[in-house]
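In full-length UniProt numbering, the protein residues as written are 1 to 212.
Read through the structure below, which is laid out as structure tokens, and then see the notes.
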Amino acid sequence: MALAGENRVTIGQAERREMDAWVEGVHQGVVADVSPSQVWGEAMLDELLDRSEGSPLLLVLDGVTDPHNLGACLRTADAAGALAVIVPKDKSATLTPAVRKVACGAAEVIPLVAVTNLARTLEKLQQRGLWVVGTAGEAEVELYQQDLTGPTIIIMGAEGKGMRRLTREHCDYLVRLPMAGSVSSLNVSVATGVCLFEALRQRSVKAAGKKA
Numbered sequence: 001m002a003l004a005g006e007n008r009v010t011i012g013q014a015e016r017r018e019m020d021a022w023v024e025g026v027h028q029g030v031v032a033d034v035s036p037s038q039v040w041g042e043a044m045l046d047e048l049l050d051r052s053e054g055s056p057l058l059l060v061l062d063g064v065t066d067p068h069n070l071g072a073c074l075r076t077a078d079a080a081g082a083l084a085v086i087v088p089k090d091k092s093a094t095l096t097p098a099v100r101k102v103a104c105g106a107a108e109v110i111p112l113v114a115v116t117n118l119a120r121t122l123e124k125l126q127q128r129g130l131w132v133v134g135t136a137g138e139a140e141v142e143l144y145q146q147d148l149t150g151p152t153i154i155i156m157g158a159e160g161k162g163m164r165r166l167t168r169e170h171c172d173y174l175v176r177l178p179m180a181g182s183v184s185s186l187n188v189s190v191a192t193g194v195c196l197f198e199a200l201r202q203r204s205v206k207a208a209g210k211k212a
């Protein structure tokens with residue numbers, strides 16, 4: 001309440017039936033009227049990279065269609081310091097009320113960039129010096145063996161199908177997450193968190209070493 005007041009956000013009270021009419025689904029008694037978040041085009045990537053300091057980190061979701069997974073990935077990507085989340089315009093979830101709810105505010109701060117041709121976008125980003133690291137269960141190299149401290153794009157494929165063929169062909173490296181139990185894979189949003197925070201860990205260690 002105090003934070004809302006400091007930022008000149010008007011707070012009011014309403015009957016539950018009014019809130020039910022304003023929003024779909026479960027609102028838990030709290031509703032905010034905000035400007036809609038925007039899905040950005042490919043040009044936003046150049047702008048973000050031009051403004052970026054240090055080694056940029058980008059997340060690509062190739063064929064992730066579940067809105068809850070997209071929302072969770074947006075939240076994780078923002079927490080790990082990623083510049084943006086990139087998705088193909090086709091066969092991908094986009095910003096919806098469900099995505100925003102799961103993202104817990106991240107959908108309003110981290111750019112979601114939808115591109116027409118993902119393979120072409122990866123080529124352009126590679127030309128700008130970014131390394132493309134794709135995830136695949138059959139990869140020989142484990143995630144923790146891969147250097148993620150440089151300008152990096154991490155690609156997560158759809159659950160079950162993985163990355164599409166053209167996306168895979170544009171990867172500079174393929175890595176896998178080591179699995180110690182009986183299950184063979186993780187939910188894509190969980191796997192995304194593992195990958196992004198390994199990148200953050202490596203970058204933090206490198207930065208600490210430079211200061212020492």
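Cβ atoms here follow ideal geometry from the backbone N, Cα and C, with glycine treated the same way.
Relative to valine 113, the option among Val99, Ala93, Ala84 and Lys101 whose CA is nearest is Ala84. The three-state secondary structure of glutamate 198, taken from DSSP, is helix.
In this chain, the beta strand (DSSP E) harbouring arginine 176 covers 173 to 176. Going by C-alpha positions, threonine 121 is about 16 Å away from valine 39. Around the beta carbon of proline 178, fewer than 16 other beta carbons sit within 10 angstroms, so the residue counts as exposed. Every beta strand (DSSP E) stretch that sits fully inside the UniProt domain "tRNA/rRNA methyltransferase SpoU type" (57 to 197) and reaches 3 residues is listed by chain position as 57 to 62, 84 to 88, 112 to 115, 131 to 135, 152 to 157 and 173 to 176. Following the DSSP letters along the chain, one finds methionine 44 inside the alpha helix (DSSP H) bounded by residues 43 to 51.
Sequence-distant partners of proline 56 (beyond 5 residues in either direction) whose C-beta falls short of 8 Å from its own C-beta, in its chain, are Leu48, Leu49, Leu83, Leu130, Pro151 and Thr152.
Looking at the DSSP output, valine 39 shares a beta bridge with Leu112. Looking at Lys89, Leu45, Arg51 and Ala43, the one whose alpha-carbon comes closest to that of leucine 61 is Lys89. About 7 Å separates the beta carbon of glycine 157 from that of threonine 135, a gap short enough to meet the 8 Å contact definition. The residues Val133, Thr135, Ala139, Val141, Glu142, Leu143 and Gln146, in chain order, have a CB closer than 7 Å to that of valine 175 in the same chain once the five nearest residues on each side in sequence are set aside. Between alanine 106 and leucine 74, the CB-CB gap stays under 8 Å. Taking the Cα positions, glycine 137 is about 23 Å away from proline 67. In this structure, valine 183 lies away from asparagine 69, with their beta-carbon atoms at least 8 Å apart. Taking 8 Å as the cut-off, the beta carbon of glycine 63 is found closer than this to the beta carbon of lysine 161. Take arginine 16, set aside five residues on each side of it, and the residues of its chain with a beta-carbon closer than 8 Å to its own are Gly29, in chain order.
Pairing arginine 168 with glycine 54, the inter-Cα distance amounts to about 26 Å. Sorting Val109, Glu123 and Glu108 by C-alpha distance to the C-alpha of valine 115 places Glu123 at the top.
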